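For the record, the sequence lines run as chains A and B.
Going by my numbering, the first sequence opens with residue 134, and the numbers climb by one from there.
Going by my numbering, the second sequence opens with residue 18, and the numbers climb by one from there.
All residues carry an ideal CB built from backbone N, CA and C; glycine is no exception.
Note that the structure is predicted; figures quoted are calculated from it, not measured.
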Amino acid sequence: MRLVSFGLAVALVCVSIATAHAQQAAPVIPTLVDETAGTGIDSTFKGEWEYMVGGGAASFDCNGDLYPDVLLAGGEEPAKFYMNASTVGGPLKFTAAESGLELEHVTGAYPLDVDSDGIMDVALLRVGENVVMRGLGGCKFERANETWGFSGGDLWWTSLAATWEKGADWPTIAVGSYIDRAEEISPWGSCTDNWLLRPAAGERKFGAPVVLKPSYCPLSIMFTDWNRSGTPSLRVSNDREYYEGGQEQMWKIEPGKEPVLYKADEGWRPLRIWGMGIASYDLNFDGYLEYFLTSMADNKLQTLAAVPTEGSAAKPTYADVAYPKGVTAHRPYTGDDLKPSTAWHSEFQDMNNDGMVDLFIAKGNVWEMPDFAMKDPNNLLLQLPDGKFMEAGDKAGISHNGQSRGAALADFNLDGLVDLVVVNRNSPAQVWRNATAEAGNWLQVKLKQAGANPDAVGAWLEVRCNPQTMRREISVGGGHAGGQAGWSHFGVGSEAEVDIRVTWPDGTAGEWQRVAANAFYVVEKGKAAEAWVPR
Amino acid sequence: MRAFRHAMAALALLALSLGVTTGNAAEQSEGRPAPQEILRDWYYLMNELVRHTATYSPPVASRSFGYLGITAFEAAVGGSDKLVSLVGQVQGLEAVPAREAGAVYDETIIISAAMSDAIVFYFGNTGPTGQRAIKTAQRKWRERVVDGVADDVVARSETFGKAMAASIHEWSLTDGGAVVTNMGFPEKWELPTGDDKWVPTGPIRQQQLPLLPEWGTVRTFAMPSGATCPTPGNPAFSAEAGTPFYQEALEVYETGKTLTPEQLAIARFWSDDPMLSMTPPGHWVSIAMQVAERADLSLDDNVDLLARMGIGMSDAFVGCWHAKFTYNLLRPVTYIKKYIDPKWEPALNTPPFPEYPSGHSTVSGAMDAVMTHFFGDNYAFEDHTGSPDGRNPRMFKSFHEAAEEAGISRMYGGIHFRAAIVDGLTQGRCIAEYTNKLKTRK
């Protein structure tokens with residue numbers, strides 16, 4: 134790794150995005166090349182009923198080269214870890230490696246540096262006992278449940294999120310569980326408990342789990358600072374197939390206090406969907422995140438019903454704008470199977486670097502559900518200058534018809550273009566290299582801070598191109614059973630330079646810094662952004 | 018079902034505390050189930066599948082309960098000295114399998130075998146968890162019902178039960194309602210235009226065309242056709258304040274603005290949303306199951322009741338849908354937002370199909386008539402259907418009272434005008450008269 138000081142700079146006006154909004158130009162269609170056969174990735178998420186959900190993908194760097202490595206859930210088969218062997222701009226190459234993460238019954242995985250030692254750890258969701266794996270360096274891991282006081286339970290675990298509560302030097306992890314596996318004839322209404330694992334008082338380990346009741350069979354949860362209060366809440370997307378009396382949920386998780394659900398008198402409105410995944414991004418540049426919730430048939434795109442005026446607090450009331458934005462993705466867009474779709478992992482990434490973030494959705498039948506599409510192509514919805522989206526999955530080359538579940542979108546060969554790994558149920562995972570020739574400029578940023586929470590989970594990363602400011606929240610959670618750590622990617626269109634700023638988890642807002650496009654930057658709290666050049 | 022059965026256990030305890038006998042059912046639960054017990058077990062499971070099978074909108078659920086009820090009824094007729102077959106009485110049912118003369122059968126095994134196959138015929142499209150539940154029930158419940166029965170009797174009884182289920186299913190395939198795609202929403206449908214016409218009411222892309230617009234042509238069971246019990250029509254459309262139509266809309270609006278906690282509880286109690294509940298037909302089946310269990314009905318009474326309810330509710334939805342797509346009336350939320358208050362929102366989700374008449378009112382009117390015909394007037398009961406979803410049980414003095422409450426709940430919920438409720442209840446009672454005329458007893 135080579136660090137190059139770039140220094141602070143004054144804000145300048147970027148015009149490309151604003152211009153594009155006015156002109157509604159046709160987007161560049163990304164070119165995604167299926168390189169599965171040559172990548173070395175050969176994992177399959179296998180299993181019967183207890184593995185109809187799950188199948189997460191995690192990407193993170195564990196050997197210090199800052200190329201994202203990959204862990205794929207295997208279900209009844211052991212999870213598989215792949216070390217990234219790609220070179221800049223080259224074909225995607227991975228090497229299966231013994232890491233210690235190769236446990237059976239893994240449904241998903243999320244990377245986070247639990248002990249803040251600068252070496253990535255990994256939390257494994259499983260059918261049975263969850264396991265936290267301590268990173269040892271060199272992509273080796275060891276079980277740490279006992280060392281860290283982590284209760285793994287014995288449930289059908291499906292979702293995970295993590296945060297560092299204000300003042301804590303140890304993370305808080307929330308885990309969501311699904312159906313009581315013992316209920317064979319009457320599994321409906323048998324949702325088992327979700328847990329909140331907070332730091333033990335005065336110790337660098339987890340305390341006893343706190344049950345988050347009521348629990349409604351979530352398939353995705355995430356800590357998110359939805360109201361920009363500086364204290365993330367726990368957003369929970371629940372599968373209505375199995376709960377009784379349930380709905381989508383959001384918990385107030387305030388330091389030192391018991392978790393409390395947002396209620397109707399505060400503005401929370403009931404929504405009942407087959408909640409399967411959460412993706413977030415500030416799509417309308419108002420400083421607040423939109424949330425894309427995957428489901429069956431129509432998917433949801435939630436935006437705050439009312440953006441608070443200066444000095445007032447946001448209410449957790451959301452409007453569904455999926456239809457007007459063109460992201461309902463309710464049925465296959467290609468092929469002859471026009472039954473309703475089933476959506477799982479979703480993620481906002483700018484696949485053509487035009488400065489307008491796009492939306493990937495992994496699709497696939499749950500399991501021989503004849504009323505839903507059996508041939509259900511994955512979506513790639515490109516954002517247009519007017520904020521609406523257009524389908525381009527088939528044109529981009531990713532309209533696979535398998536039972537897709539989890540996915541990871543990351544720049545695996547560090548060429549500035551976001552690549553794609555998709556986990557399929559009962560068929561091999563797939564890997565696509567982004568080879569878009571006409572893509573715009575880009576920027577990738579990795580955050581770093583001293584002490585606890587070294588990867589700055591909970592920070593907000595902003596990239597300013599006047600009149601708009603793009604924002605990402607650095608989070609652990611969401612998606613479908615898998616998450617990513619490492620570089621945050623922004624497409625910046627034709628801009629050669631942009632301004633970036635970090636609001637750190639403690640609320641400290643950094644300075645705006647001017648950086649050149651088409652480069653990687655490591656931003657450490659209190660320091661200037663430093664350019665980094667991959668090997 | 019697990020939670021519901023817990024609620025039912027609580028109901029049984031309540032009945033005991035009130036001095037109501039639970040009779041043989043409780044005694045037999047220790048060993049081989051009585052035929053009516055295994056029938057109820059299958060019905061509880063099927064009501065779960067109504068909630069958890071994507072095609073099961075209310076009309077589809079009512080149709081299945083029609084065929085399921087007739088399957089159980091015809092399976093039991095040959096073993097009863099009281100029941101009379103429905104062959105020749107319901108449309109298109111010309112023959113059913115007969116038992117071997119003089120041979121020994123077991124009624125519990127017949128009923129269980131018939132339901133074991135029928136559940137696959139009507140819920141074969143359910144999801145993987147439902148499939149798993151069906152297979153487990155087939156295996157475990159068969160073990161219960163064949164225990165201690167001679168092999169030849171088991172084989173003969175199962176063969177007959179399965180043949181009956183297959184025969185009724187084959188008949189069902191010709192009614193025009195067997196194939197439901199895209200969860201009931203058509204790929205193409207030309208929406209009538211006009212200020213009074215239905216338009217989509219929500220942002221769900223799949224629901225921009227109305228649910229099952231041709232359901233009114235599905236073959237009926239007891240009444241001649243979907244057009245048999247017409248409704249008088251909604252008040253003449255007008256956007257003018259003071260006109261009857263405007264006043265109806267104003268009533269919905271003002272009711273919604275001043276909704277009491279009791280009215281909101283009633284709206285939610287009868288909400289019965291597809292995929293979030295067992296739907297209105299399932300709700301009434303649930304009421305029937307609770308009442309039947311509490312009254313310790315015999316097999317004859319159980320199958321008679323379930324057949325009549327299934328027939329009546331299915332015909333009710335065909336008749337209601339026939340009228341809905343005759344009038345194609347807009348929903349209150351559309352009218353009120355346009356002419357009264359653009360910010361108004363109903364308490365319930367507005368269903369994705371035309372307003373007039375109210376489907377819940379039509380089916381509730383029909384079920385009032387069928388159940389009152391069966392049990393008599395002023396039959397009091399407590400309904401625990403919503404307990405698993407956290408709703409308090411409600412006590413009713415009669416089926417009539419329950420139906421009236423179900424009807425008005427749609428105004429409290431802001432999804433129907435009064436005329437749709439009043440005319441729906443009347444239409445349902447008209448339709449049920451054809452069911453009530455069926456001869457099921459010698």
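Asked	Found
Three-state secondary structure (DSSP) of residue 202 of chain A	strand
Cross-chain neighbours of residue 613 of chain A in chain B, by beta carbon under 8 Å	The contacting residues do not exist; residue 613 of chain A stays about 17 Å from chain B at best.
Rounded straight-line distance, which links the Cα of residue 383 of chain B to that of residue 113 of chain B	27 Å
Secondary structure of residue 126 of chain B, DSSP reduced to three states	helix
Residue 206 of chain B burial status per 10 Å Cβ neighbour count (16 or more: buried)	exposed
Same chain, Cβ closer than 7 Å to residue 364 of chain B, five either side skipped, listed in chain order	273, 276, 281, 284, 429, 430 and 431
For residue 271 of chain A and residue 186 of chain A, the rounded distance between their alpha carbons	31 Å
Bridge partner(s) assigned by DSSP for residue 700 of chain A	Summary: the structure shown does not reach residue 700 of chain A, with chain A confined to residues 134 through 668, and so no result is reported for it.
Contact set for residue 138 of chain B: own chain, Cβ-Cβ below 7 Å, skip 5 residues either direction	182 and 186
Contacts of residue 204 of chain B in chain A (Cβ-Cβ under 9 Å)	471
Proximal residues of chain A, C-beta to C-beta of residue 221 of chain B below 9 Å	430, 431, 453, 455, 456, 461 and 463
Residues, ordered as in the chain, of the stretch 50-76 of chain B that lie near chain A by beta-carbon distance below 8 Å	62, 65, 68, 69, 70, 71 and 72
Runs of beta strand (DSSP E) lying entirely within the stretch 431-513 of chain A, each at least 3 residues, in chain order	433-437, 451-453, 476-482 and 491-496
Short CB-CB distance (under 9 Å) between residue 157 of chain B and chain A	yes
Beta-carbon proximity list for residue 334 of chain A, same chain, < 8 Å, skipping 5 on both sides	340
CB contact check: residue 319 of chain A to chain B, cutoff 9 Å	yes
C-beta contact flag for residue 454 of chain B and residue 101 of chain B at 9 Å	no
Buried or exposed (CB count within 10 angstroms, at least 16 for buried), residue 367 of chain B	buried
Span of the beta strand (DSSP E), counted from its first residue to its last, around residue 605 of chain A	601-606
Start-to-end residues for the alpha helix (DSSP H) that takes in residue 609 of chain A	Taken as a continuous stretch (DSSP letters only), residue 609 of chain A belongs to no alpha helix (DSSP H), as it is neither H nor E.
Counted within 10 angstroms of its Cβ, other Cβ atoms place residue 668 of chain A as buried (16 or more) or exposed	exposed
Contact set between residue 405 of chain A and chain B, taken where Cβ atoms lie within less than 7 Å	293
DSSP three-state assignment for residue 155 of chain A, whether helix, strand or coil	Residue confidence is low: residue 155 of chain A scores 43 on pLDDT, short of 50, so the model does not pin down where it sits. Its coordinate-derived value is still stated next. Correct three-state label for residue 155 of chain A: helix.
Residues bridged to residue 244 of chain A (per DSSP)	A:255
Nearest-angstrom Cα separation, counted from residue 396 of chain B out to residue 37 of chain B	Confidence at residue 37 of chain B is low in this model, with a pLDDT of 32, below 50, so the placement of that residue is unreliable and no value is reported for it.
C-beta neighbour in chain A for residue 431 of chain B, strict 9 Å	no
Residue burial classification, residue 440 of chain A (beta-carbon count within 10 angstroms, cutoff 16)	exposed
Residue nearest to residue 252 of chain A in terms of C-alpha spacing, selected from A:194, A:288 and A:293	A:194
Residue ranges of each alpha helix (DSSP H) within the stretch 519-593 of chain A, 4 or longer	526-529
Alpha-carbon spacing of residue 305 of chain A relative to residue 274 of chain A, whole angstroms	21 Å
Assigned secondary structure, residue 80 of chain B (DSSP; H/G/I helix, E/B strand, else coil)	helix
Local Cβ density within 10 Å of residue 164 of chain B, reported as buried at 16 or more and exposed below that	exposed
DSSP-derived helix/strand/coil call for residue 617 of chain A	strand
Rounded C-alpha distance that separates residue 46 of chain B from residue 55 of chain B	Since pLDDT at residue 46 of chain B reaches only 39, below the 50 mark, its modelled position is unreliable, and no value is offered.
Same chain only: Cβ atoms within 6 Å of residue 52 of chain B, ignoring 5 sequence neighbours per side	124, 125, 128 and 316
Simplified DSSP assignment, three categories, for residue 97 of chain B	coil
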